[in-house]
Amino acid sequence: MGGRVPAARANQAGHWGRGSNRVSRGGSGRERHCDPLIFVVNKRFPVILPGPFAMSDPVDKKACLYFMGICGTAMGSVAAAFRDAGYRVMGSDAHVYDPMKSFLESRGIEILNGYDPGNLSEKVDLYVIGNAQSRGNPEVEAVLREKAPYVSLPELLRREILQGKRNFVVSGTHGKTTTSSLLAWIFESAGADPGYVIGGIPGNLDQGARFTDSDFVILEGDEYDSAFFDKRSKFIQYLPEVAIVNNMEFDHADIFDDLAAVKRTFGHMVRLVPENGLVLLNGDDANCEEVFAAEGHSPVKRVGFGENCDARIEDVVYHQESTTFRLEGEAYEIPLNGEFNVRNAAMAISAARFGDLSPDQIREALLQFSGIKRRQEVRGVTARGITVIDDFAHHPTAIRQAIQGLRSKYPGSRMWGVFEPRSNTTRRNVFQEALPAALAEADAVCIAAVARADQLDEDERLDPDQLMETLRASGKPAYYEPDVDAIIGRLGAEAEDGDVIVVLSNGGFGNIHERLLEIL
Numbered sequence: 010m011g012g013r014v015p016a017a018r019a020n021q022a023g024h025w026g027r028g029s030n031r032v033s034r035g036g037s038g039r040e041r042h043c044d045p046l047i048f049v050v051n052k053r054f055p056v057i058l059p060g061p062f063a064m065s066d067p068v069d070k071k072a073c074l075y076f077m078g079i080c081g082t083a084m085g086s087v088a089a090a091f092r093d094a095g096y097r098v099m100g101s102d103a104h105v106y107d108p109m110k111s112f113l114e115s116r117g118i119e120i121l122n123g124y125d126p127g128n129l130s131e132k133v134d135l136y137v138i139g140n141a142q143s144r145g146n147p148e149v150e151a152v153l154r155e156k157a158p159y160v161s162l163p164e165l166l167r168r169e170i171l172q173g174k175r176n177f178v179v180s181g182t183h184g185k186t187t188t189s190s191l192l193a194w195i196f197e198s199a200g201a202d203p204g205y206v207i208g209g210i211p212g213n214l215d216q217g218a219r220f221t222d223s224d225f226v227i228l229e230g231d232e233y234d235s236a237f238f239d240k241r242s243k244f245i246q247y248l249p250e251v252a253i254v255n256n257m258e259f260d261h262a263d264i265f266d267d268l269a270a271v272k273r274t275f276g277h278m279v280r281l282v283p284e285n286g287l288v289l290l291n292g293d294d295a296n297c298e299e300v301f302a303a304e305g306h307s308p309v310k311r312v313g314f315g316e317n318c319d320a321r322i323e324d325v326v327y328h329q330e331s332t333t334f335r336l337e338g339e340a341y342e343i344p345l346n347g348e349f350n351v352r353n354a355a356m357a358i359s360a361a362r363f364g365d366l367s368p369d370q371i372r373e374a375l376l377q378f379s380g381i382k383r384r385q386e387v388r389g390v391t392a393r394g395i396t397v398i399d400d401f402a403h404h405p406t407a408i409r410q411a412i413q414g415l416r417s418k419y420p421g422s423r424m425w426g427v428f429e430p431r432s433n434t435t436r437r438n439v440f441q442e443a444l445p446a447a448l449a450e451a452d453a454v455c456i457a458a459v460a461r462a463d464q465l466d467e468d469e470r471l472d473p474d475q476l477m478e479t480l481r482a483s484g485k486p487a488y489y490e491p492d493v494d495a496i497i498g499r500l501g502a503e504a505e506d507g508d509v510i511v512v513l514s515n516g517g518f519g520n521i522h523e524r525l526l527e528i529l
């Protein structure tokens, strides 16, 4: 199926002064003998941070990590995973709130409310600075002033977890969370006990990150930047043996100027896959093909519907509660709807096969997959039969695919699309023309005010009025409402028994889901 990456390489030169990293294996366990990483810092921070550990190493050997911005989804999940692995962990955030607050406290993690230079402590070995932090943050300024050791979250993962592992990195503008969740669950179901870092909460797994002694680590490979001091995409740090490239479109207008910049960063990741690894490429996506042609040096397997694909998706049948299809002569069924989920599953299957799992092991896992929070998640059904669904979709392509996928599950139902322009890209007018076409997949539309509109110049900002005009011209009932209360009032007046309301937002959206369930 594919070669193994060596567990580690002797005499590896480390940025922090690693001398050697010798690894021996015995039985199913993993024993590491690592020279320490020594930081040369001022007297306030006499740091000796041990190198990568086996998860079974004694807890008292492990370092104290301080996560700055610990209540972020990725930061909190990874912090908890390090704590579970035996590291000492603490952190701070500007707004300490549930559910992350309770989740972290249940792991015995100390959380400091607010950013304060006084939080810096001699017991901290390393500061992990989240990509939401910037210059001017009092703790950031103190760390820089004191010459304290700090890293970004992706750099921490690379240095402490990913070296010597078989890292399966799932990338793409869309489908990363679903594909990485599927892949992690397939390995888990097969007894491989994988480590994973996923930007969501898979229904089959209890948390978004976990580190184990397994050779396998499944990572959601985000193209967003790593930190204010490292503007490279996160996935550049992830040492991919397998790189899944689901698709490639323009997104993240706050950090990428254009599609060419997006292609460039994906090219940097593809360039890192070794000759004994594999790139799983969307063979139906011209952008993916262009990037691999320019940057690929590893074996490649094209996955998709086209005749040029090495792993062709065939015989797709959409049922109300599941989808069946064939891939490389094998039949599979997933309890998910929509073409985009078939593509996600095909990528996960192809990666699992490279990891030497059998079709039978994969089939069993797929049938047991219970989805992901905030991905077509049914939040409830009212007494009037009105279904409220939460979906993280915010890019026009993701919005279109989410609504199309739900059509097969709710045939004949009138479908509302309730959209919040909240992401750094959808707040801008770069998708002024693409958004109406995507939202028009719904039968009726409600759009909220542009989030943090005052932070954007008027000529840069999405124009909701123009959005309304375009939708109404296409014959769609469309309403622009200034806040959540107004949207709830509109739906209270317009929604009919049996309707399906799909809430599309990458934020909390004022707890609109529960409030709709209460009023409808």
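For the sequence shown, this note's numbering puts the final residue at 529, and the numbers step up evenly by one.
Backbone N, C-alpha and C fix where the C-beta goes; we use that ideal spot for every residue, glycine too.
Item: Bridge-paired residues (DSSP) for G313; Value: R321
Item: Helix, strand or coil at G389 according to DSSP, with G and I counted as helix; Value: strand
Item: Distance, S514 Cα to A414 Cα; Value: It is Gly, not Ala, that sits at residue 414 in the sequence shown. Taking the straight line joining both Cα atoms gives about 17 Å.
Item: Proximity of T188 and D260 at Cβ, strictly below 8 Å; Value: no
Item: Own chain partners of F518 with C-beta closer than 6 Å, once the 5 adjacent residues on each side are dropped; Value: E429
Item: Cutoff 8 Å; reference K240; Cβ partners in own chain excluding five residues on either side; Value: D234 and I264
Item: P249 beta carbon less than 8 Å from that of V178; Value: yes
Item: Expected contact under 8 Å - CB spacing of R311 and E323 to nearest Å; Value: Actually they are not in contact, since the Cβ atoms of R311 and E323 sit about 14 Å apart, beyond 8 Å.
Item: Distance, V98 Cα to F54 Cα; Value: Unreliable positioning characterises F54 in this predicted model, as indicated by a pLDDT of 40, which lies under 50. A coordinate reading is not provided.
Item: V133 in three-state terms, based on DSSP; Value: coil
Item: G414 (DSSP reduced to helix, strand or coil); Value: helix
Item: Candidates Q246, R92, A392 and D125: closest to L526 by CA position; Value: A392
Item: First through last residue of the alpha helix (DSSP H) which encompasses T332; Value: No alpha helix (DSSP H) contains T332, which is instead part of the beta strand (DSSP E) from T332 to L336.
Item: Those residues which DSSP pairs with R175 across a bridge; Value: F225
Item: Identity of the residue in Q172, A446 and T396 nearest E505 by Cα; Value: T396
Item: Nonlocal neighbours in the same chain, by C-beta distance under 8 Å from G530, ignoring five residues either side; Value: With the chain covering 10 to 529 only, the question about residue 530 has no answer from this structure.
Item: Bounding residues of the beta strand (DSSP E) (the contiguous stretch that carries T396); Value: T396 to D400
Item: Beta-carbon spacing of M278, A252 below 8 Å; Value: yes
Item: Buried versus exposed, by CB contacts within 10 Å (16 or more), S33; Value: At S33 the pLDDT is 28, less than 50, meaning the model places this residue with poor confidence; the figure from the coordinates comes in the next sentence. S33 should be labelled exposed.
Item: Proximity of G139 and L162 at Cβ, strictly below 8 Å; Value: yes
Item: Opposing strand residues paired with D234 [DSSP bridges]; Value: S242
Item: Runs of beta strand (DSSP E) wholly within the segment 486-528 (minimum 3 residues, chain order); Value: 487-489 and 509-513
Item: Anticipated Cβ contact below 8 Å, R175 with D224, distance rounded; Value: 5 Å
Item: Exposure of Q329, with buried meaning 16 or more beta-carbon neighbours within 10 Å; Value: exposed
Item: Test item: CB-CB of N438 and D472 under 8 Å; Value: yes
Item: Beta-carbon proximity list for A487, same chain, < 6 Å, skipping 5 on both sides; Value: V454, M477, L480 and R481
Item: Range covered by the alpha helix (DSSP H) that runs through N296; Value: A295 to E304
Item: Those runs of the alpha helix (DSSP H) which lie wholly inside the segment 427-494 and span at least 4 residues; Value: 443-448 and 473-482
Item: Boundaries of the beta strand (DSSP E) in which R273 is found, first to last residue; Value: Unbroken run through R273 is the alpha helix (DSSP H), L268 to V279; no beta strand (DSSP E).
Item: Alpha carbon of L171 to alpha carbon of G127, nearest angstrom; Value: 32 Å
Item: Continuous alpha helix (DSSP H) stretch holding D93: start and end; Value: T82 to D93
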